[in-house]
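In the numbering used here, the protein residues as written are 121 to 1219. What follows is a single structure, written as structure tokens, with notes after it.
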């Protein structure tokens, strides 16, 4: 029993604490700590008692419960005094949880946290590395300026800690200290410089993060660590890779020249004679010609390429932006497959990736053109993903693929998403304006959309047609006349304004229609929107200038209406145009009035329709500013390439003096070779040539960095001489293996199929390590010549192995690398079971393809899923508008697989608000499903306005039964019970099969699995009508049969994937047909037979 809660009162207490100063002197500090007693205190009394007990088990249980409260977002700050006392606990698990709690609340309870600062300082010397790191993390979370010197001392000590985890925590504490006291920047830069020289992959990413936060302008700190960062990049944690790649992108933009500079000069036509070229070529042109790429530039590109296989989308995007901004144009296309692979991720990742692809595709169309089908819209995509895919498809449209894209756009127009349909019509207009060969086709298709039932489709079509007609040299009189007749029916303001603008612009082509439209508009002028009123004024002015006798009075009437309008823009426009068209007495000789016709009827330039992503090049790819198309806080522009390359020698690192170790084991000697062969990338001949052209200093530096990162100690000269015999024996064994491989053709082919590329890479890495060791051991000319000859032998072996690999590639398909296998998306279907929106047969935008007869499947072919031949249009009422207080809900079975699971049946729910008030928060509540059934909810609807209809897709796994799926629908705070019952025919999916497969499976489903019956047929029943009836009743697919009077249909149940075979035998003489159904589930057969009999009897 808890006692009665106390009234909230504030108390203060004077507390003494100790603190170790910078001079290691113990000082006594007094604090006046306010204590707040709240009404919620009694509910935590049990936790406080457990924390005050002497048993570690109770303390551990209490801390687990407190951390659980913090994880759930509950406030546990009132437990701070009870928790902070346990920071001195001897139990390691309790101490860890206490530190986790203190990191969360140290900033809020700074005064109480300061009382334990001496405990944190003692914990910095704890033997356990986790305790040291936690203490430093808590110490850096106390944002009080008085402890800045203590934090600085703690960070300096942690940087020299033996544990990489503690050094990583010190790197994370540096930005916190810098934000607390920016005056400590110079000291922190020294600490960052020491962290950047760390060779542990756990620390490197955090060190670069601290560098970016504190001193990103100190690029000189990166010079000596550049090659080490490039070599360690593949081993760093994922988020550290993102930070390092972004930093190296900026570094490369300041230290290397543009690899694409001067490409246009090479493409120009050269003079026929070389002498003429020598005379005409200028020194400036020579300076602008492309220069050889810096070896360090190539090193960065080569070491980041394997990261395209990363499972982290942020790493792949970071590599993509690096290639976009610093790689040669011919190599940027290597990131296309990796970006397309990310489209299989969650919708949040898809949005970011598609934004980057849309921006890249404005300049590089051929880069993503091979993956055109990957950007087709799916029925389950949200609206913003659909819009981005439309943008990409429009950017990729060319003369070769425009027919495929237009057929795809045609299917999108029938979507229920009105915003998506409007974007599709705009995309069609952009394609028509950019590709002149399909302009007429698109224009005729858009004109046919003017008769669409949906007003939004008609309105958007009118706007797009207006833009297309404005860009056409020859006007279309029939189209303008047809659009003029739609003024009475179209209510969308933008569409009405577009029609009026067209009538005014081409009033000479429709001299009889335009005045009549102006008469109608004058009647409704007061009720029109502002944009329509402005176009009515423009139409009246143009008609008066071209046909003054017939429209003079109408024009004056419109001016008088606009003179007293509530909008000042309309009043000002009316005054201006009236002064030009009807000048006042005494101003008839006004020059502007004389040229009024030229002013209003001047030829307008056609509108330029371009991608909205074209101006995003000003921002760096994969940044927040690029995503929102606005400069975000803290964004820094990408620096331009320098005209002249800076001195590359600043990246050379002096070799350290070798230290004689106590011992050296064999595995330490082989470890660098294993790591290097594991992460080595299949370099192209160009890469190898670049490596050969690089100076010996850079090679030795990079090799030394990689070896130092893997081994903790370097070998001495004496030990390397003693081990030289072993190295020579290994080299001879390696050469013997190469000879045996080259001698045996069959064995070589078998070995190459399993690990051909790995052998060559491991041999090359061994030879490189041997040559580097020989160069470091001696400096005589003879040994250098021997090492050069060994390098030449190695290169010859490489060339032979590559030639043999190429020969195998031409014979048997070739060995493909892991990168190619992972990113090859041409033949890999998407993992989701969502169907593509396949174009229908024929249509307004479908070109006339050549007819190709379908080849029948041979007997014994595999059975494959197919699409439904009939889609029901009837909607079943689930909730009446009277019962639902203005909300009516209908259901329609779409016969398409559901995104969440192929076992589910898709049900399209229609929500209509027939009331006068909006309905908020429509979602599914409690589910009442039979065993074996499951239900996937539709996306919740936030607001349903009055007289508005919205749609949602529900997925139901009926478990091959007709039992209803019952659930509660929550709308506007009220709960309604909904029951969805599926007919037996909607629980099936069609299958395509040959007649041989049908007969084979029908023979297996005899006996109890076969059910027969008869049904009466109408006297005038034909075969085609009978097939259509079957399609309406059951979601099956007809099997091509050799017999004319036997109809066969195949399918399977949606949930259990059980075959359902239907045979209809229609005799020529009698009016009855026999029905045979073969299925393992007799209930399905029985119910399907009854459905067929009752449906055929009604007809």
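Built from N, CA and C at the ideal position, the CB exists for glycine as well.
Mind checking whether residue 261 and residue 227 have CB atoms under 8 Å apart?
-> yes
In or out: residue 486 buried (at least 16 other Cβ within 10 Å) or exposed?
-> exposed
Give the straight-line distance between the Cα atoms of residue 253 and residue 189, rounded to the nearest whole angstrom.
-> 24 Å
Determine the direct distance from the alpha carbon of residue 248 to that of residue 1220, and round the result to whole angstroms.
-> Residue coverage of the chain in this structure runs from 121 to 1219, which leaves residue 1220 outside it and unanswerable.
Could you check what DSSP says for residue 515 in three-state terms: helix, strand or coil?
-> helix
With 16 other CB atoms within 10 Å as the buried threshold, where does residue 518 fall?
-> exposed
Just confirm the distance between the C-beta atoms of residue 62 and residue 436, as a whole number of angstroms; I'd bet it's less than 8 Å.
-> Here the chain has residues from 121 to 1219 only, and residue 62 is not among them.
Going along the chain, which residues of its own chain have a beta-carbon closer than 6 Å to the beta-carbon of residue 765, five neighbours each way excluded?
-> 377
At which residues does the beta strand (DSSP E) containing residue 1099 begin and terminate?
-> 1094-1100
Anticipated Cβ contact below 8 Å, residue 484 with residue 512, distance rounded | The Cβ separation is near 12 Å, so there is no contact.
State the Cα-Cα distance for the pair residue 771 and residue 347, rounded to the nearest angstrom.
-> 8 Å
Any 3 or more C-beta pairs closer than 8 Å across the segment 668-679 and the segment 711-721 | no
Based on the DSSP secondary-structure assignment, which residues constitute the bridge partners of residue 1033?
-> 1007, 1068
Starting from residue 1110, trace the beta strand (DSSP E) both ways and give me its first and last residue.
-> 1108-1112
Put residue 636 into one of helix, strand or coil per three-state DSSP.
-> helix
Local Cβ density within 10 Å of residue 556, reported as buried at 16 or more and exposed below that | exposed
Whole-angstrom Cβ separation of residue 1216 and residue 1136, contact assumed at under 8 Å?
-> 7 Å
When DSSP labels each residue in this structure, what does residue 1168 get in the three-state scheme?
-> strand
Under the DSSP definition of a beta bridge, which residues are partnered with residue 1154?
-> Answer is none; residue 1154 lacks a bridge partner.
So what does DSSP say about residue 175, is it helix, strand or coil?
-> coil
Does the pairing of the segment 716-735 with the segment 452-470 give three or more beta-carbon distances under 8 Å?
-> no
Report all residues from its chain with a CB closer than 8 Å to the CB of residue 124; omit the five preceding and five following residues, and keep chain order.
-> Residue confidence is low: residue 124 scores 42 on pLDDT, short of 50, so the model does not pin down where it sits. No coordinate-derived value is stated.
Express the C-alpha separation of residue 1134 and residue 1213 in angstroms, rounding to a whole number.
-> 7 Å
Please report the residue range of the beta strand (DSSP E) in which residue 627 lies.
-> Where residue 627 is concerned, there is no enclosing beta strand (DSSP E), given that its DSSP letter is neither H nor E.
By how many angstroms is the C-alpha of residue 1056 removed from the C-alpha of residue 542?
-> 29 Å
Under 8 Å Cβ to Cβ from residue 690, same chain only, skipping five residues before and after it: list those, please.
-> 650, 653, 654, 657, 682
For the segment 579-588 and the segment 626-635, state whether three or more C-beta atom pairs, one from each stretch, are separated by less than 8 Å.
-> no
Could you tell me whether the segment 1109-1116 touches the segment 1190-1209, where touching means 3 or more Cβ pairs closer than 8 Å?
-> no
Taking buried to mean at least 16 other C-beta atoms within 10 Å of its own C-beta, is residue 345 buried or exposed?
-> buried
For residue 1002, count neighbouring C-beta atoms within 10 Å of its own C-beta (all shown protein chains included) and say buried if the count is 16 or more, exposed if not.
-> exposed
Who are the Cβ neighbours of residue 503 in its own chain at under 8 Å, not counting the five residues just before and after it?
-> 537, 539, 540
Whole-angstrom distance between residue 168 and residue 121, CA atom to CA atom = With a pLDDT of 38 at residue 121, under the threshold of 50, the modelled position of that residue is not reliable, and the figure given next carries that caveat. If I take the Cα positions, the gap works out to 15 Å.
Thinking C-beta only, is residue 617 closer than 8 Å to residue 579?
-> no
Does the Cβ of residue 1120 lie closer than 7 Å to at least one heavy atom of the ligand MN?
-> Ligands displayed in this structure: none; no statement on the ligand MN is therefore possible.
CB-CB under 7 Å to residue 250, same chain, minus the five flanking residues each way: which ones, in chain order?
-> 216
Classify residue 992 as helix, strand or coil using the three-state DSSP reduction.
-> coil
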